[in-house]
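The sequence shown begins at 2 in our numbering and counts up by one.
For every residue, glycine included, the Cβ atom is placed at its ideal position computed from N, Cα and C.
Note that the coordinates shown come from a computational prediction; the quantities given were computed from them, not determined experimentally.
What follows is a set of notes on a single structure, which appears directly below.
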Amino acid sequence: MNRKDRFQFCINYFQEVMPAPETELHFTNTYQLLVAVILSAQCTDKRVNMHTPALFEKYPDIPSLAAANYDDVFALVKSISFPGNKSRHLLGMAKLVIEKFNGEIPMTVEELVQLPGVGRKTANVITSVVDNQPNMAVDTHVHRVSARIGLTVNAKTPLQTELQLMKYVPAEVVPKFHHWLILHGRYTCIARKPKCEQCGLQPVCVYFQKVMRKQITPAS
Ligand code: SF4
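Structure follows, in structure tokens:
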């Protein structure tokens, strides 16, 4: 099977089993999504969701967050990984949005990555979720699952994964594709032991084919 067909199989499969995938972070506007994504780096969405309601109540928008005190923000995010850095990033992000972007969260990847705590992955998430832009956010799940299935070949970095995926995924499918691979990686193709027996991608998955070959080839 060639790569184009493998991609098409995955798109058809996910379209059927997850027709409307969404981020599991809780948010009601762009500001809340940006804050939640910054907090979610190396932390679970579940944990972030436990702490953002209080944060959003105290700091409901960019101006209130920009005027916040470091210790007060830290107290609200202290149970999330790297609370010190993330508190600094949140304050720095809000201040820069006011100083450089007139208080409006920018909506291009090039502008978003200028904000503290916002890397390419976060900028891709924001622009694709909020504005449906065809930007592929690659996190650890997307990187791992793409390689296992054989959607990417020898991709060493998230950027290499992103560029390979973007070659094959139609622009209108990109925002969904990112969520599909994250959710698939979180619940089925998990890092330590993928649940291949529950997975409909077996017929096209390079990893699964290799495992099966090993099982039926007698050791010499
Ligand atoms: S068959 Fe197994 S390794 Fe392949 S995508 Fe499915 S769960 Fe992951």
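Backbone CA spacing between ALA76 and VAL170 [nearest angstrom]: Distance from the CA of ALA76 to the CA of VAL170, rounded to the nearest whole angstrom, comes to 42 Å.
Span separating the alpha-carbon of ASP62 from that of ALA95: Between the C-alpha atoms of ASP62 and ALA95 there is a straight-line separation of about 9 Å.
Cβ pair ILE150, ARG4 closer than 8 Å: Not in contact: ILE150 and ARG4 (Cβ atoms no closer than 8 Å).
Residue burial classification, VAL119 (beta-carbon count within 10 angstroms, cutoff 16): By the Cβ neighbour-count rule, VAL119 is buried, with 16 or more other Cβ atoms within 10 Å of its own.
Nonlocal neighbours in the same chain, by C-beta distance under 7 Å from MET19, ignoring five residues either side: If the five residues before and after MET19 are omitted, its C-beta is found closer than 7 Å to the C-beta atoms of TRP181, LEU184, all from its own chain and listed in chain order.
Cβ-Cβ separation, LEU56 to VAL36 (assumed contact under 8 Å), whole Å: With a Cβ gap of about 7 Å, VAL36 and LEU56 count as contacting.
Residue nearest to ARG145 in terms of C-alpha spacing, selected from THR189, ILE106, GLN115, GLU111: With distances taken between Cα atoms, ARG145 lies closest to THR189.
Distance cut-off 7 Å: LEU202 Cβ against heavy atoms of ligand 1: Checking every heavy atom of ligand 1 against the Cβ of LEU202, one is found closer than 7 Å.
Start-to-end residues for the alpha helix (DSSP H) that takes in MET94: Per DSSP, the continuous alpha helix (DSSP H) segment holding MET94 begins and ends at 84–102.
Selected residue, minimal CA-CA separation from PHE102, among LEU116, ARG89, ALA68, LEU92: Considering only LEU116, ARG89, ALA68, LEU92, the residue with the shortest C-alpha distance to PHE102 is LEU116.
Cβ-based burial, ASN160 [other Cβ within 10 Å; buried from 16]: According to the sequence as given, residue 160 is Leu; it is not Asn. Around the beta-carbon of LEU160, fewer than 16 other beta-carbon atoms lie within 10 Å, marking it exposed.
GLY186 classed as buried or exposed, judged by whether at least 16 other C-beta atoms fall within 10 angstroms: Its Cβ being crowded by 16 or more others within 10 Å, GLY186 is buried.
Supposed contact pair SER82 and TYR225 - C-beta distance, whole angstroms, cut 8 Å: A query on residue 225 cannot be resolved here, the shown segment of the chain reaching from 2 to 221 and no further.
Inter-residue Cα distance where the pair is VAL74 and LYS157: Here the alpha carbon of VAL74 sits roughly 36 Å from the alpha carbon of LYS157.
The region 47–55 / the region 9–19 touching (three or more Cβ pairs under 8 Å): They do not touch, by the three-pair rule.
beta-carbon LYS101 near ligand 1 non-hydrogen atom, thresh 7 Å: LYS101 Cβ: outside cutoff for every heavy atom of ligand 1.
Rounded C-alpha distance that separates ILE127 from ASN155: Taking the straight line joining both Cα atoms gives about 27 Å.
Nearest residue (CA-CA) to GLY85, options HIS179, ALA42, ASP140, GLU111: Residue ALA42 is the option with its Cα nearest to GLY85.
Three-state class that DSSP yields for GLU23 in the structure shown: In the structure shown, GLU23 sits in coil (DSSP, three-state: anything other than H, G, I, E or B).
Rounded C-alpha distance that separates VAL257 from THR31: The first residue shown for the chain is 2 and the last is 221, placing residue 257 beyond what the model contains.
Which listed residue (GLN9, ASN136, GLN199) has its alpha carbon closest to that of ALA172: Closest option to ALA172, Cα to Cα, is ASN136.
Exposure of ALA1, with buried meaning 16 or more beta-carbon neighbours within 10 Å: Past the edges of the chain, shown from 2 to 221, lies residue 1, and the structure says nothing about it.
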